[in-house]
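Enquirer: Have a look at the structure that comes next, please.
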Amino acid sequence: MAPLSKKTVSIRHFTHDHPLTEANSDTEFLCDGCKTLGTGTRYRCEPCGFDLHDYCATCPMELPSFMHEHNLKLVLRKPKDACQIIRVCDLCNDPVEGLFYRCQLCEFDVHPCCTQLPEYVRHVMHKEHPLKLQRMVPGEGGVDANVNVSIDPQTGWTVAITISSAIF
Numbered sequence: 001m002a003p004l005s006k007k008t009v010s011i012r013h014f015t016h017d018h019p020l021t022e023a024n025s026d027t028e029f030l031c032d033g034c035k036t037l038g039t040g041t042r043y044r045c046e047p048c049g050f051d052l053h054d055y056c057a058t059c060p061m062e063l064p065s066f067m068h069e070h071n072l073k074l075v076l077r078k079p080k081d082a083c084q085i086i087r088v089c090d091l092c093n094d095p096v097e098g099l100f101y102r103c104q105l106c107e108f109d110v111h112p113c114c115t116q117l118p119e120y121v122r123h124v125m126h127k128e129h130p131l132k133l134q135r136m137v138p139g140e141g142g143v144d145a146n147v148n149v150s151i152d153p154q155t156g157w158t159v160a161i162t163i164s165s166a167i168f
């Protein structure tokens with residue numbers, strides 16, 4: 001029996017004029033979509049040296065998310081000109097350029113890859129309860145005796161240990 005050959009996957013993406021081919025490498029690259037670093041699976045135009053994260057190449061145009069009460073719309077921000085304001089990701093606090101998700105109503109901006117963060121995680125350093133990614137707005141309360149939080153002062157995002165049987 002002949003060995004199985006890996007099928008080459010090519011896609012078209014609105015951010016680039018040429019087809020992009022799936023590639024996998026441990027070499028770090030700059031995603032030409034969201035302008036953040038990546039490794040591993042990507043979609044690449046070899047002649048142009050154009051790379052997109054796997055998720056940036058395949059992410060939906062509109063996204064519901066636990067991170068925000070409204071659906072987020074995919075935006076392509078053109079290279080900086082003098083009149084553009086600096087926007088930052090409301091999760092990681094790094095600048096957003098190129099592709100990002102936005103809620104126009106609330107001016108909530110987030111990198112496509114940051115939308116892939118899970119709502120709950122288990123960590124080896126805290127096996128008792130899952131950790132929850134959530135936003136805590138200073139002064140609005142919402143923290144009770146059953147929650148232990150660590151707040152990032154720049155973004156307001158927290159990792160919280162919620163002591164509740166409802167999340168197990």
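For what it's worth, the UniProt record's numbering labels the leading residue of the sequence shown as 1, then goes sequentially.
A virtual CB, placed ideally from N, CA and C, is assigned to each residue, including glycine.
These numbers were taken from a predicted model, which means no experiment stands behind them.
For D32, does the three-state DSSP call read helix, strand or coil?
Expert: Coil.
Enquirer: For V121, does the count of other Cβ atoms within 10 angstroms reach 16, so buried, or fall short, so exposed?
Expert: Exposed.
Enquirer: Hey, how far is the Cα of L30 from the Cα of L99?
Expert: Between L30 and L99, the C-alpha separation is close to 13 Å.
Enquirer: Here's the rule: buried if 16 or more other CB atoms are within 10 angstroms of the residue's CB, otherwise exposed. What is P138?
Expert: Low confidence applies to P138: its pLDDT is 49, below 50, so where it sits in the model is not reliable enough to give any reading.
Enquirer: Report the option in P118, Y43 and E97 whose CA atom is closest to the CA atom of M36.
Expert: A quick correction: the sequence has Thr, not Met, at residue 36. Residue E97 is the option with its Cα nearest to T36.
Enquirer: In three-state terms, what does DSSP make of D109?
Expert: D109 falls in the strand class under three-state DSSP.
Enquirer: Could I get the ranges of all uninterrupted beta strand (DSSP E) runs contained in the stretch 7-87, with 3 residues as the minimum, in chain order?
Expert: Listed in chain order, the complete beta strand (DSSP E) runs (minimum 3 residues) inside the stretch 7-87 are 20-30, 37-45, 50-53, 62-65 and 68-77.
Enquirer: Could you give the DSSP three-state label for Q134: helix, strand or coil?
Expert: Strand, per DSSP.
Enquirer: Quick check: does the Cβ of E119 come within less than 7 Å of any heavy atom belonging to the ligand HEM?
Expert: Annotation note on the ligand HEM: not contained in the displayed structure, which lists no ligands.
Enquirer: Looking at R44: is its Cβ nearer than 8 Å to the Cβ of D54?
Expert: Not in contact: R44 and D54 (Cβ atoms no closer than 8 Å).
Enquirer: Given H123, which residues of its chain have a CB within under 8 Å of its CB, disregarding the five upstream and five downstream residues?
Expert: So the qualifying residues of the chain are L131.
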